[in-house]
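Heads up, the sequence shown is in the numbering used here, so the first residue is 2 and it goes up one at a time. Just so it is clear, CB atoms sit at the ideal spot from N, CA and C, and this is done for glycine as well. Written below as structure tokens is the structure these notes are about.
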Amino acid sequence: MLKKLRELLGGVAAEAADDADGDGLLRVATAALLVEMARADFSEDGIEHEEIVRALQQHFALDLAAAQQLLRGAGDSADKAVSLHQFTRLLHEQLEPPEKQKIVEMLWRVALADAVLDKHEDHLVRKIADLLYVSHADLVRLKHRVLGELDAGKA
2 MLKKLRELLG GVAAEAADDA DGDGLLRVAT AALLVEMARA DFSEDGIEHE
52 EIVRALQQHF ALDLAAAQQL LRGAGDSADK AVSLHQFTRL LHEQLEPPEK
102 QKIVEMLWRV ALADAVLDKH EDHLVRKIAD LLYVSHADLV RLKHRVLGEL
152 DAGKA
């Protein structure tokens, strides 16, 4: 499966996936899901892309250039993907529950970056959480955490 995913990734994403510690595929899969989230409302806002870059920098300890390169490669991978399963399967098999929950939290942050939760975004977060075997209770808890932080930031 990893060979097939590497073939699908190609180009910039493949370079990111070839890092020595093997985390590259996980990075690309995570970033591709975030890209899909930004596209879910059929309106790719700059603020959503800024949130993806920030999330990638923070989660993977990347500098700005590396996060932007990963985002470009993940966008290409998402364009070539037939379904979300190739990304979610890899993440499900390789990550522990707290790491999966962190990905779901990042998805909520991207979905809510423009302060509007579109029904397609809500559906996609729920679908990905289900594919990652994140419980409904955790899904809701993470959503409320992000909403609470956004509300606190407005005050």
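| query | result |
| --- | --- |
| According to the Cβ coordinates, are residue 32 and residue 67 closer than 7 Å? | no |
| What are the start and end residues of the alpha helix (DSSP H) that includes residue 97? | Note, residue 97: premise wrong, no alpha helix (DSSP H); not H, not E. |
| In angstroms with no decimal places, state the Cα-to-Cα distance between residue 53 and residue 135. | 21 Å |
| State whether the segment 27 to 42 contacts the segment 70 to 86, with contact taken as three or more CB pairs (one from each stretch) at a distance under 8 Å. | yes |
| Please report how far the alpha carbon of residue 113 lies from the alpha carbon of residue 141, in whole angstroms. | 14 Å |
| Give the list of continuous alpha helix (DSSP H) stretches no shorter than 4 residues that lie fully inside the segment 92 to 137. | 98 to 112 and 120 to 132 |
| Would you call the segment 91 to 105 and the segment 39 to 51 touching, i.e. three or more CB-CB distances under 8 Å? | no |
| Could you tell me which uninterrupted alpha helix (DSSP H) segments, each at least 4 residues in length, are contained entirely in the segment 31 to 68, listed from first to last along the chain? | 47 to 61 |
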